[in-house]
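Residue numbers (my numbering): -3 to 200.
We put the CB at the ideal spot given by N, CA and C, even for glycine.
The structure displayed is predicted, hence computed values, not measured ones.
To start, the structure itself, in structure tokens.
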């Protein structure tokens, strides 16, 4: 792998904030959505992967090393995540506060499967589907036994674009139309008994 600092165009002396700013700038510059129908689309997608890998390498290194070894020689000012952090991020995503959710995610140095899942959800809601799939696929690959991650990734395979919350876990599932398919079936049975079911807000 190339020197991650060189990939992002920063130095080992750069602050975490400077590195994050450089990362975001490059992501915007090479985002695949900007290259739809462009012959450079594949190169842009490869560049995004390289940028993501470089950023992850730097932030992980800064989190785990406080001595002069490794890339940085300095300790990260970021922090590891806890379940409360991720619960808060889920709530922000559910309420449509995507900028706040993304900022909190960017401040988390150790990027586990849940981090990639939540970042994938943010990207998907923002309409950045290529990056959303990349993060969701990584989450599912890191924890193949997690059905929430796999279902989110698989919904991208089938072109799903909407997500909703369910249960008390704050998780996600396919969009409201999935729910309404179930409601329609239930309504058929319900009408036999003289009842009615009301479709969800998103499908009215």
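query	result
With respect to the alpha helix (DSSP H) encompassing residue 105, which residues constitute its N-terminal and C-terminal limits?	It is not in any alpha helix (DSSP H) - residue 105 carries neither H nor E in the DSSP assignment.
To test your reading of the DSSP string, which unbroken beta strand (DSSP E) runs of 3 or more residues are found completely within the stretch 123 to 160?	none
Spatial neighbours of residue 113 within its chain, please: CB distance less than 6 Å, with the 5 preceding and 5 following residues excluded, ordered by chain position.	135, 145
Decide yes or no for the touch test of the stretch 48 to 57 against the stretch -2 to 16: beta carbon pairs closer than 8 Å, at least 3 of them.	yes
Can you say whether residue 143 is buried or exposed, counting buried as having 16 or more other CB atoms within 10 angstroms of its CB?	exposed
Should residue 36 go down as buried or exposed, given a rule of 16 or more other Cβ atoms within 10 Å for buried?	exposed
Does the structure place the stretch 127 to 134 close enough to the stretch 87 to 94 that three or more beta carbon pairs sit under 8 Å?	no
Do residue 97 and residue 106 have their C-beta atoms closer together than 8 Å?	no
So what does DSSP say about residue 16, is it helix, strand or coil?	helix
Would you mind sorting residue 28 into buried or exposed? The rule is 16 or more other CB atoms within 10 Å of its CB.	buried
On the CB-based measure, 16 or more other CB atoms within 10 Å of its CB, does residue 13 come out buried or exposed?	exposed
According to DSSP, is residue 62 helix, strand or coil?	In this predicted model, residue 62 has a pLDDT of only 46, less than 50, meaning its place in the structure is not dependable; the value taken from the coordinates is given anyway. Residue 62 falls in the coil class under three-state DSSP.
Could you tell me the alpha carbon to alpha carbon distance between residue 118 and residue 58, rounded to whole angstroms?	25 Å
DSSP three-state call for residue 6: helix, strand or coil?	coil
Using a Cβ-Cβ cut-off of 7 Å (strictly less than) and excluding sequence neighbours within five positions of residue 202, which residues of its own chain qualify?	It is not possible to answer for residue 202, since the shown part of the chain is limited to -3 through 200.
On the three-state DSSP scale, how would you describe residue -1?	coil
Can you list, in chain order, the residues of its chain with a C-beta nearer than 8 Å to that of residue 7? Leave out the 5 residues immediately preceding and following it.	1
Just the C-alpha distance for residue 138 and residue 55, rounded to the nearest angstrom, thanks.	18 Å
Determine the DSSP secondary structure at residue 112, reduced to helix, strand or coil.	helix
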